[in-house]
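Engineer: Residue numbers (UniProt numbering): 1 to 116.
Quick reminder that beta carbons are idealized off the backbone N, C-alpha and C, glycines included.
These numbers come from a predicted model, not from an experiment.
1. Within 10 angstroms of its Cβ, does residue 137 collect 16 or more other Cβ (buried), or is it exposed?
2. Is the separation between the beta-carbon of residue 64 and that of residue 31 shorter than 8 angstroms?
3. Give me the Cα-Cα distance between residue 86 and residue 41, rounded to the nearest whole angstrom.
4. Nearest to residue 49 by alpha carbon, out of 29, 66, 56 and 81?
5. Would you mind working out which of 33, 57, 26 and 75 sits nearest residue 51, comparing C-alpha positions?
6. Do residue 90 and residue 34 have their C-beta atoms within less than 8 angstroms of each other?
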């Protein structure tokens, strides 16, 4: 990679770590302890029963919705499982929002291109 690109990647990585949600909720058990590859049972031992469980719509698997509470603030949080029932993603959004983000990422881009 060239130097400006490396700098940009490093900057974006650093900025993504400054997310308020991750700072406020970083000590919550689901955020601090759930790791990729854990089973549904392990996640429930850490975070308790989820608010809801939904089937994933983009990739086979399921998704657990949780609501984190800290210092009077509430934040959705999801733990997503692959078809084998192992954690493959966590994020500060609902399962529905995560599904929409995955769906959108798979849509072909519609750039205006060269004006043909």
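Structural biologist: Straight from the coordinates:
1. There is simply no residue 137 to check, as the chain begins at 1 and stops at 116 in what is shown.
2. Your numbering for residue 64 matches position 64 in the chain shown. Your numbering for residue 31 matches position 31 in the chain shown. Not a contact, by the Cβ cut-off of 8 angstroms.
3. Reading the chain shown from its first residue, position 86 is the one you call residue 86. Reading the chain shown from its first residue, position 41 is the one you call residue 41. If you take the alpha carbons of residue 86 and residue 41, they lie about 10 angstroms apart.
4. The residue you call residue 49 lines up with position 49 of the chain shown. Comparing Cα-Cα distances from residue 49 to each of 29, 66, 56 and 81, the minimum goes to 66.
5. Mapped onto the chain shown, residue 51 falls at position 51. Closest option to residue 51, Cα to Cα, is 75.
6. Taking the first residue of the chain shown as 1, we reach residue 90 at position 90. Taking the first residue of the chain shown as 1, we reach residue 34 at position 34. Yes.
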